[in-house]
Amino acid sequence: MARIKHNNFLDTVNEVITDAAHQGILHLYAEGEDFTGRTIRVKGQALFHFGTTGYLGLEQDPRLKAAAVGAIQKYGTQFPLSKSYISHPLYRELEEKIGKMYGQPIIITKNSTLGHLGAIPSAVDDRDAVILDHQVHWSVQNACKLLNNRSIPVDMVRHNHLDMLEDKIKYHARKRKRIWYMADGIYSMYGDSAPLHQLMALSEKYSQLHFYIDDVHGMSWAGRHGTGFVMDQLKELPGNMLLFGTLSKTFGASGAVLVCPDKKMYKRIKTFGGPLTFSAQLEPASVAAASASADIHLSPEIYHLQNELKVRIQYFNGLLSKTDLPLVDPNESPVFFIGTGMPKTGYSFVNRLMEEGFYVNLGLFPAVPVKNTGVRITISRHNQREEIAALVGAMAHHYPKVLEETGTDLGRVCHAFAMAVPKTGPKVVHGDLDILLENSIAKVDKKIWNNLMGAHGAMDWDGLLYLENSFQGNDLKEHNWEFRYLIIMDRKGKPILATFMTIGLWKDDMLAKESISKTLENIRKYDPYHLTARALSLGSLFTEGNHLYLDRKHPLKDRALNILMWTLETLGHKLGAKMTVLRDFGPDEKMGEFFKDQGFVRIQMPDSCSVNLLAHGDIENYISRLSARNRRHFRKEIQALEPEFRVDILNTCPKEQLPQLIELYRNVHRNNLGLNTFSFPERVFKNMSDNPHWEFIVLRLKSSPQKPIGAMYCYKNQGKTYVPAYVGLDYTYVKSHHTYRQLLYQTIKRAIDLDFEEIDFGMTAAFEKRKLGAMVSERYAFVQASDNYVLELLGTM
C-alpha cells in the first residue's frame, strides 16, 4: 500500500567522497618527473610512500622497465586487435610462464575488472546460485549484476560469516546445480583473509559448493613462485575453485590472470568470455614487463624478495605492538588498518601524517562502514627501517591528539571495531552538565518530559508508559524492547537535550526495496529470524516524528550531543546492537554534517504528513480550503460514499470485536513490505482498548454492520495532537469503497470534533494524505551499522 522512496547508493557515496575530497584526503594528484617508489610528491612535498599496492617494488625493477621500453621500440605502443583473432607475438611466452607458475590452465586478461566481467557470466550457469561475501571486491559484485538478467539468484552474507553462508547453501542446495561463494583471498582494507581451510571443510560437506576467489592483494608476496596467499595456504588449487591473480600491483606490470583447473570451463571462458573476446589485449610494454616479472617469480629470487618484505612487515608489527594504536586486524600481510572510528578523526589523522612527511590512505565508506573509518597503511620493499620507525613515532604522537581534537577517545574507537577496550575505559567528562539516564519513563518527571517531548506523536509520558507495558513480557523476542530515557541539563537545571531510545530485534531489510523483502519473507517462513539483528534506535518502531529535543541556542549543546553519541555507543555495545539508527530528521544540514562526522550514513525515510487545524474551524470549513481538484476528489470518492458507512468511535473495544480489529491491522502489515517490520503483539491492541488515551475509529458498511472493514487506531496526545498511529483494512473494499480515504477523512473530522490543534499522520501513503490537505515533509534516518551489509540491503546496491 505504501509507496516508499528508496535510497540511491551513488548519492550516499558521493556525499562521503566529496566530503573527504574537501578535506584534502582524496582526488589528489601526484607530482614530479620521476618516481622511485620510496617517496611520492603531493602538494609540493616529498612524502614517504606508505600507500602503494606494489608490495615487492617490482614496478621500479630495471629489468621490467627495460623489457617494456624494448617492446615499445619493437612493436609500438599497442597491438590493436582482439585476441580472438590473433595474439601479440609476446603473449605466448607470457602465457607459458604464468601457466608454469601455477601448474594449471590460465587466461590472461586486460585487468581484473574486465576479467571478472568475462569469467563470471561464463562460469556461472543458469541453474547455479551465487553468494557474495559483502566485502568481496566491487569488481566482483559489479560483474554479478549481469547474472540478474538471467534470473540467477545472487545473495550476500556478512563478512567471513560462515554460519550465514551455510544457511544460504542449505537454502539453495535443493534447487541449484552449483553454489558459488565469491570472496577475496586478502581483503584490501584490513589486510584480513578469507577463512580458506574452513571453506574447504564446508565444500567437503556440500559438494555443490564452488569458489571464486579474487586474490590480487595476496599476489607475489606469498606463495610458491609468488602465486599468492590462497596458493600458499592450500598448496594446490582445488578443482572447485576459480582463482584470480594480478599482473599489476605487486607483480609490477599490468593485466590479470584467471586460473581455472576445470578444463571444460577453461575452454568455455577462453572461447567466449565477453570482454575477454572483444576487448583490446594488453599493450606490448605490459606483456613484456609481465614476462620479465614472471622470470623473477620462477626463479629463487622471488623468495628473497618475499623475505625482505616479510622482515619489514615483522618490524612494523613489532613497533605497533609497543604502542596503543588500534590495529584492527593483526596479521602478516602488507596491509595494516589503524582505526579512527569517526570520519572526521580519520581526516585529521591523515592530514597530520602528511604534514609530518608520510603518505597514507584513508579507508572510508563504502570500502568500510562509516563508523569504521581508519588509516590504511601498506608496507613495501621500498620502505626503509628508519622511515618505518618514524611513521610509527608520528602516529603514536598524533593519534591521541586527533582523538582529543575531534571529541572522541580510544575506548570509543575500540567499541566501533569490536576490539578490547583499554582498562581505563572510554573517557567521559560531564563537567557542568547533569545527566539523567533511566530505564523507565516512570522514573522521569512527567511535567519535565512532556514539556520537552510531549507535544507530538505517542511520545508524551503516558504514551511511553503505554509502550513499556505493551512491549515487555511478551512471548516472542521481537516483541520485547528495552527502553532508555536521556535528559541532559546544565547546572541551573535548564534542559539542553532529551530523547528516548529502544533496543530490539529489527529486520535488516526494514527499508529495503519490496522485491528484496518479498524474497526474504519467503525464507522467513521456515527461518523466522533470517537476516535480523538487534538495533538501537532513537524512538521506537511504534513511534514516528522527531525523537530528539535539542536547545540549539544553548552554549553547551555540542557537549550534550557528544554525550548522546557516547551514550548510544556504550548502550549499543552493552546490549549487543548491530546497528544504531537516529530518526526521524528533516533536511537539517547542520545536524546531518554532525551525524556524518560521527560515522552515520543518511538514509531516506518515507515522507511525514501532518495537518494543522488551528485555522480551520469545523470540517466544512476545512474541506472548503482544499484545492479545487482535491475538493472534486473528496466529493466523488469520499463524500458520495460516506452514507454507505457506519462510523463508530470506540474508546474501549468489546472483547469479541478486538480480534477483528487486530486482523485488519495484520492485513495492512502483510501488505506493506515497503516498510518491513515485525508485526505487533496482541497485547498492543488489548492495551489500546484499556487505555483512556487511545480510541478506535471503525468503519462498517451499513449493509453488513457486523463486519468491520477499516479501522484507525488513534492516540490522543496531551499536547493537543491527534495521532492516527496505525490503520487496519479489509482489502476487499479498498478500491470499491475507497476505505482508506474514508478513514483519513473521518480521522480529520474526529480531530476537529475533539478540538485538537494538529494531526500527526505519520509516514507512508503521502500521496493519499496530501489529497486531504496534509502537509508533507521529507524525513531522514542516520544509520550506523557494524558492517555495510545492512546498507546494501536497503536497496542501495
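With my numbering, the residue at position 390 of the sequence shown is 434, and numbering never jumps. Glycine included, C-beta positions come from ideal geometry on N, C-alpha and C.
Outcome for residue i when other beta-carbon atoms lying within 10 angstroms are tallied against a minimum of 16
i: Pro428; result: What sits at residue 428 in the sequence shown is Gln, not Pro. So Gln428 ends up on the exposed side.
i: Phe805; result: buried
i: Gln828; result: buried
i: Thr776; result: exposed
i: Arg136; result: exposed
i: Lys127; result: buried
i: Arg596; result: exposed
i: Thr62; result: exposed
i: Gly772; result: buried
i: His574; result: buried
i: Val379; result: buried
i: Asn695; result: exposed
i: Ala684; result: exposed
i: Ala64; result: buried
i: Val488; result: buried
Reduced DSSP secondary structure (H/G/I, E/B, other) of residue i
i: Val436; result: helix
i: Asn735; result: coil
i: Ile682; result: helix
i: Ser584; result: coil
i: Phe464; result: For clarity, residue 464 is Ala in the given sequence; the question names Phe instead. Correct three-state label for Ala464: coil.
i: Asn761; result: strand
i: Pro413; result: coil
i: Asn427; result: coil
i: Trp505; result: helix
i: Ile61; result: helix
i: Met285; result: strand
i: Ser830; result: coil
i: Tyr135; result: helix
i: Met545; result: strand
i: Trp224; result: strand
i: His93; result: strand
i: Phe273; result: helix
i: Ser780; result: helix
i: Thr290; result: strand
i: Phe639; result: helix
i: Met819; result: strand
i: Phe393; result: helix
i: Arg218; result: coil
i: Arg82; result: coil
Counterpart residues of residue i in DSSP-defined beta bridges
i: His160; result: DSSP, once it has assigned bridges, lists no residue as partnering His160.
i: Gln516; result: Gln516 is not bridged to any residue.
i: Gly385; result: Thr417
i: Met533; result: Asp478 and Pro539
i: Gln648; result: Tyr824
i: Gly806; result: Cys653
i: Ser748; result: Leu745
i: Pro768; result: Cys758
Reference residue i; option with closest CA among the options
i: Glu482; options: Asp476, Phe515 and Phe527; result: Phe527
i: Thr721; options: Val379, Glu522, Arg669 and Phe638; result: Glu522
i: Met692; options: Ile257, Glu700 and Arg794; result: The question names Met, but residue 692 is Asp in the sequence shown. Nearest C-alpha to Asp692: Arg794.
i: Arg690; options: His781, Asp628 and His261; result: His781
i: Lys634; options: Met623, Thr624 and Arg646; result: Arg646
i: Arg568; options: Lys487, Tyr215, Asp339 and His71; result: Tyr215
i: Pro749; options: Pro631, Met756, Lys622 and Glu688; result: Glu688
i: Tyr250; options: His261, Gly272, Pro239 and Arg220; result: Arg220
i: Ser484; options: Glu448, Trp525, Cys653 and His181; result: Trp525
i: Ala90; options: Leu206, Phe380, Gly362 and Glu431; result: Glu431
i: Gly88; options: Leu72, Tyr757 and Glu512; result: Leu72
i: Met263; options: Thr450, Trp182, Leu353 and Arg222; result: Leu353
i: Lys658; options: Leu592, Glu707, Ile792 and Thr543; result: The question names Lys, but residue 658 in the sequence shown is Leu. The shortest C-alpha separation from Leu658 is found at Ile792.
Endpoints, alpha helix (DSSP H) assigned at residue i
i: Ala810; result: Ala810 to Lys815
i: Ala332; result: Pro328 to His341
i: Gln104; result: It is not in any alpha helix (DSSP H) - Gln104 carries neither H nor E in the DSSP assignment.
i: Arg312; result: Lys307 to Thr315
i: Ile152; result: Counting along the chain, Ile152 falls outside any alpha helix (DSSP H), though it belongs to the beta strand (DSSP E) covering Ile150 to Thr153.
Run of the beta strand (DSSP E) containing residue i, from where it starts to where it stops
i: Tyr256; result: Leu253 to Asp258
i: Asp571; result: Note, Asp571: premise wrong, no beta strand (DSSP E); not H, not E.
i: Tyr593; result: Leu592 to Leu594
i: Gly616; result: Taken as a continuous stretch (DSSP letters only), Gly616 belongs to no beta strand (DSSP E), being part of the alpha helix (DSSP H) at Lys601 to Leu619.
i: Val168; result: Note, Val168: premise wrong, no beta strand (DSSP E); not H, not E.
i: Gly407; result: Asn405 to Gly407
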